Amino acid sequence: MGGILMNIAYGFDPKSKDDPYIAEALEVQHAFEVVLLPGAFLVERIPLLKYVPAWMPGAGFKRFAEYYRNATYSAQRKPFNFATDAMRRMISEKNEVQPCVTTKMVDSLPDADDPMYAEVKDDLMIILGASYMAGVDSTTGVLSMFITAMATYPEVQEKAQAEMDKIVGPGRLPDFGDRNDLIYIKALIIELLRWHQIAPFAMPHKTTEDDFYDGYFIPKGTIVLGNAWAVLHDPDVFENPMEFIPERYIKNGNFNDDLINPLDFAFGYGRRICPGRYLAMDMLYLAIASILSMFEILPPKDATGAPVKIELSFGDGAIPVPEPFEVMIRPRSNVTEKVIQSLSE
Numbered sequence: 049m050g051g052i053l054m055n056i057a058y059g060f061d062p063k064s065k066d067d068p069y070i071a072e073a074l075e076v077q078h079a080f081e082v083v084l085l086p087g088a089f090l091v092e093r094i095p096l097l098k099y100v101p102a103w104m105p106g107a108g109f110k111r112f113a114e115y116y117r118n119a120t121y122s123a124q125r126k127p128f129n130f131a132t133d134a135m136r137r138m139i140s141e142k143n144e145v146q147p148c149v150t151t152k153m154v155d156s157l158p159d160a161d162d163p164m165y166a167e168v169k170d171d172l173m174i175i176l177g178a179s180y181m182a183g184v185d186s187t188t189g190v191l192s193m194f195i196t197a198m199a200t201y202p203e204v205q206e207k208a209q210a211e212m213d214k215i216v217g218p219g220r221l222p223d224f225g226d227r228n229d230l231i232y233i234k235a236l237i238i239e240l241l242r243w244h245q246i247a248p249f250a251m252p253h254k255t256t257e258d259d260f261y262d263g264y265f266i267p268k269g270t271i272v273l274g275n276a277w278a279v280l281h282d283p284d285v286f287e288n289p290m291e292f293i294p295e296r297y298i299k300n301g302n303f304n305d306d307l308i309n310p311l312d313f314a315f316g317y318g319r320r321i322c323p324g325r326y327l328a329m330d331m332l333y334l335a336i337a338s339i340l341s342m343f344e345i346l347p348p349k350d351a352t353g354a355p356v357k358i359e360l361s362f363g364d365g366a367i368p369v370p371e372p373f374e375v376m377i378r379p380r381s382n383v384t385e386k387v388i389q390s391l392s393e
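Going by my numbering, the sequence shown wraps up at 393, each residue one higher than the last.
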């Protein structure tokens, strides 16, 4: 997924997960998860420490901040420079420029002698960097939970694949033209975002003025966290909320809009809602529909051949991404195996 985001943002196609641009993005993502954890640094309990020099004991947060400030700038600058250098080279050679967000946005920059040029260019670098750094772990985490759900709920996988066979057939991959007809697949993806949120509290917000809510006074400047997990696992709204049941989003053969839609919570709220939410949903649709059309996902087996229940564990970061776990993934048939082989040629 990081490669897809990199290609969209910068027109660069990394060949492996060890690509240095991807590695830098993951390093910055790790720092982001650390700083979101309450109490991660001693200065949060002893505010006086913010005045001590960085070399003193207890001021490790300053060294951490300095290191990751530079790492973040590097992760934003390097791929941006790669894209703009490639753009200039292709233009000078009179070749077609690789289309990407960078090449589109660079054309809108002020002239180099404009006083606003440097500021606007820095803003563009930051926006592009955030667009792919924020999506690397989050999209992968959702797909990990999808794999878990399919191995844990085989009856759901069977229904999804039956719909896939009826609408798409076994000889090709699904595309966006199939999307509106794949009602169960849509319900499955929506239920996936309800069942497990990658960002259950989204980004912290701060009130800009005094407010009242449900009889509670909320002073200006209060840090507010939206608890999506509680809303989307409310037993008064969702029957058996801890179970993965896509059918709850289907009514009379159509998508059920009567229930709370997780899309109103999964990508944050207000002015700081995720700007890449539409791209994320498109990527999830293509990935999940393609996997279901081509592969069968099974739980691992023990020495006797009996299926083993998947026990998930999660890292200690603010974004709950599953630790590595075992499943079996195999082509659904000889036909799908040939399709897979043709795609790799």
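Using N, Cα and C, we set each Cβ at its ideal position, and we do this for glycine too. Given the structure is predicted, the values throughout are model-derived calculations rather than measurements.
Can you check DSSP and say which residues form a bridge with residue i?
i	result
Ile-271	Lys-254
Ile-298	Phe-303
Phe-362	Pro-370
Measure the Cβ-Cβ separation of residue i and residue j and say whether it is below 7 Å.
i	j	result
Ala-314	Leu-391	no
Pro-294	Ala-197	no
Ala-354	Pro-222	no
Ser-179	Ala-57	yes
Phe-286	Tyr-201	no
Pro-158	Val-168	yes
Phe-130	Phe-109	no
Leu-232	Glu-206	The identity of residue 232 in the sequence shown is Tyr, whereas the question assumes Leu. Not a contact, by the Cβ cut-off of 7 Å.
Ala-119	Glu-81	no
Tyr-297	Ile-238	yes
Ile-246	Val-375	no
Tyr-317	Gly-274	yes
Ala-123	Gly-177	yes
Gly-388	Met-331	Correcting the residue identity first, residue 388 is Ile in this sequence and not Gly. Result no, Cβ atoms of Ile-388 and Met-331 do not sit closer than 7 Å.
Thr-151	Met-173	no
Pro-218	Thr-384	yes
Pro-348	Val-356	yes
Based on Cα-Cα distance, which residue from the options lies nearest to residue i?
i	options	result
Ile-266	Trp-277, Ala-160, His-253, Pro-355	His-253
Ile-339	Asp-258, Asp-306, Val-154, Val-216	Val-216
Phe-373	Ser-122, Leu-191, Leu-97	Leu-191
Arg-378	Gln-389, Ser-361, Leu-346, Ala-351	Leu-346
Leu-84	Ile-271, Leu-311, Leu-332	Ile-271
Met-138	Asp-213, Asp-282, Gly-59, Pro-289	Gly-59
Glu-257	Tyr-264, Pro-283, Gly-269, Phe-249	Gly-269
Trp-243	Arg-220, Pro-310, Ala-250, Tyr-264	Pro-310
Leu-53	Asp-312, Lys-142, Ala-328	Ala-328
Ile-308	Arg-319, Met-290, Leu-280	Leu-280
I need the DSSP call for residue i, collapsed to helix, strand or coil.
i	result
Glu-374	coil
Leu-346	strand
Pro-379	strand
Pro-401	Because the chain is modelled from 49 through 393, residue 401 falls outside the range shown and cannot be assessed.
Phe-21	Outside the shown range of the chain (49 to 393) lies residue 21, about which nothing can therefore be said.
Ala-80	Per the sequence shown, residue 80 should be read as Phe rather than Ala. Phe-80: helix per DSSP, three-state reduction.
Ile-56	helix
Phe-63	Position check: residue 63 holds Lys in this sequence, whereas Phe was assumed. Looking at Lys-63 - three-state DSSP - the assignment turns out to be coil, as it is neither helix nor strand.
Val-285	coil
Pro-323	coil
Ala-88	coil
Gly-316	coil
Ile-336	helix
Ile-94	coil
Ile-308	coil
Against chain D, with Cβ distances strictly below 7 Å, would residue i count as a contact?
i	result
Asp-171	Of the protein chains in this structure there is only one, and it is not chain D.
List, from N- to C-terminal side, the alpha helix (DSSP H) runs of 4 residues or more that fit wholly inside the stretch 100-179. Taking 4 residues as the shortest admissible run, the stretch 100-179 contains the following complete alpha helix (DSSP H) segments, listed from N- to C-terminal end: 108-140, 149-154.
For the stretch 184-272, list the beta strand (DSSP E) runs that are entirely contained and at least 3 residues long, ordered along the chain. Qualifying beta strand (DSSP E) stretches, in chain order: 259-261, 264-266.
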